[in-house]
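Asker: The sequence shown maps to residues 1 to 233 in the UniProt record's numbering.
Starting off with a structure, shown below.
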Amino acid sequence: MQLFLPVEKDSDGKLLINLSDVDPPTRRIIAGNVGQLAEIKFDDGRHITIDQRKKIFALLGEIDQWTGNFTMDITERQMKQLFISEKGLDEEFSFSDCSLKLASEFIEFLIGACFEYDIPFAGKTLDAIREQYGWDMFCIKYHRCMICNQPADIAHVHAVGIGRDRNHISHIGNYVMALCRRHHQEQHRVGIKSFMKENQLKGVKVTPEIAKMLRLGNWQQEQGQNLRFINAE
């Protein structure tokens with residue numbers, strides 16, 4: 001059994017482990033093994049971190065349930081094989097000692113798979129991965145709220161200006177974000193600066209590639225792909 005638990009205190013040669021987020025069945029297993037040897041790993045700054053490993057297993061757990069495997073070993077092997085094939089890697093890798101970079105790329109791969117196949121995120125998983133690099137881009141691409149992952153509209157962080165035809169101006173260099181209706185209303189209520197600070201949002205800077213993907217500015221919208229657009233201000 002592998003667990004990710006915070007160490008609360010180190011005193012008198014003893015470590016205090018916080019079990020508040022551990023479910024009752026797991027607690028019983030832990031209680032039955034008190035006094036036995038246990039492996040403890042700490043981040044060394046060179047290899048995959050405990051936080052990365054926690055995110056990976058949380059995402060694999062979501063994929064495992066959605067696919068109906070209900071066997072993490074199978075799901076882990078399947079997703080690793082897909083990742084290795086996509087990246088053109090020459091060999092297998094382990095979650096115990098792979099590099100920081102590879103672990104980050106694998107997390108991005110898992111998040112992308114969840115967005116592509118509309119695999120839902122549990123609340124704790126969502127909290128764990130929201131600050132992951134690439135999350136905002138996936139939300140923009142798939143029109144999912146950056147905060148809660150519900151269906152979203154694409155919003156300008158700053159208004160493009162009254163009287164300007166947004167279909168015939170360049171949006172490159174502006175910042176956009178994806179917000180569901182509820183969070184968009186909240187943003188209006190508290191103000192854009194307070195809202196973005198409270199939710200740790202920065203927005204995504206529009207590049208030519210993003211403008212093309214979202215059909216912004218001079219990019220013609222294809223029939224049946226009308227873009228719902230709202231102003232954040």
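We put the beta carbon where it would ideally sit given N, CA and C, even for glycine.
Just so you know, these numbers come straight off a predicted model, no measurement behind them.
With DSSP as the reference, label L100 as helix, strand or coil.
Answerer: Looking at L100 - three-state DSSP - the assignment turns out to be helix.
Asker: Return helix, strand or coil for L19, following the three-state DSSP convention.
Answerer: Residue state, collapsed to three classes: coil.
Asker: Is G35 buried or exposed, if buried means 16 or more other CB atoms sit within 10 Å of its CB?
Answerer: When all chains shown are included, G35 counts as exposed.
Asker: Compute the beta-carbon to beta-carbon distance between I119 and E62, rounded to the nearest angstrom, for a pair I have assumed lies under 8 Å.
Answerer: Yes, they are in contact, since the Cβ atoms of I119 and E62 sit about 6 Å apart, within 8 Å.
Asker: State buried or exposed for L82, treating a residue as buried only when at least 16 other CB atoms are found within 10 Å of its CB.
Answerer: Exposed: under 16 other Cβ atoms inside 10 Å.
Asker: Quick check on this structure: which residue in E86, T207, H158, D153 has the alpha carbon closest to the alpha carbon of G173?
Answerer: Measuring from the Cα of G173, the nearest candidate turns out to be T207.
Asker: Please name the residue or residues paired with P151 in a DSSP beta bridge.
Answerer: Its beta-bridge partners are R144.
Asker: For a test of the three-state rule: what should DSSP assign to K202, helix, strand or coil?
Answerer: In the structure shown, K202 sits in coil (DSSP, three-state: anything other than H, G, I, E or B).
Asker: How would you write the range of the alpha helix (DSSP H) that A128 sits in, first residue to last?
Answerer: Run containing A128: 123-129, per the alpha helix (DSSP H) assignment.
Asker: Would you kindly report the start and end of the unbroken alpha helix (DSSP H) that includes A38?
Answerer: Where A38 is concerned, there is no enclosing alpha helix (DSSP H), given that its DSSP letter is neither H nor E.
Asker: Since L216 is in the alpha helix (DSSP H), which residue starts that stretch and which ends it?
Answerer: Careful: L216 lies outside any alpha helix (DSSP H) and carries neither H nor E.
Asker: Grab me the residues of I111's own chain with a C-beta within less than 8 Å of its C-beta, minus the 5 sequence neighbours each way, in chain order.
Answerer: Counting only Cβ-Cβ distances below 8 Å, and skipping sequence neighbours, we find L59, I129, Q132, G134, W135, F138.
Asker: Under a three-way DSSP split, which group does A31 fall into?
Answerer: It is helical.
Asker: If you follow the beta strand (DSSP E) that V176 is part of, which residue opens it and which one closes it?
Answerer: Where V176 is concerned, the enclosing beta strand (DSSP E) stretches over 175-179.
Asker: Could you have a look at H183 and say whether DSSP puts it in helix, strand or coil?
Answerer: Residue state, collapsed to three classes: helix.
Asker: Could you compute how far the alpha carbon of E8 sits from the alpha carbon of D51?
Answerer: E8 and D51: Cα-Cα distance of roughly 16 Å.
Asker: Determine the DSSP secondary structure at E62, reduced to helix, strand or coil.
Answerer: Helix.
Asker: Given this structure, state the Cα-to-Cα distance separating P25 from I147, to the nearest angstrom.
Answerer: Computed Cα separation, rounded: 31 Å.
Asker: Quick one: measure Cβ to Cβ for I48 and A103, integer angstroms, because I've assumed they're closer than 8 Å.
Answerer: Confirmed, Cβ separation roughly 4 Å.
Asker: Quick check on DSSP: helix, strand or coil for E92?
Answerer: The answer is coil: DSSP assigns E92 none of H, G, I, E or B.
Asker: Tell me which same chain residues have a C-beta within less than 7 Å of the C-beta of N69, skipping the five on either side of it?
Answerer: Counting only Cβ-Cβ distances below 7 Å, and skipping sequence neighbours, we find T75.
Asker: Hey, I56 and I107: beta-carbon distance below 8 Å or not?
Answerer: Result yes, Cβ atoms of I56 and I107 sit closer than 8 Å.
Asker: Taking all protein chains shown into account, do 16 or more other C-beta atoms lie within 10 angstroms of the C-beta of G191, making it buried, or fewer, making it exposed?
Answerer: Exposed is the call here.
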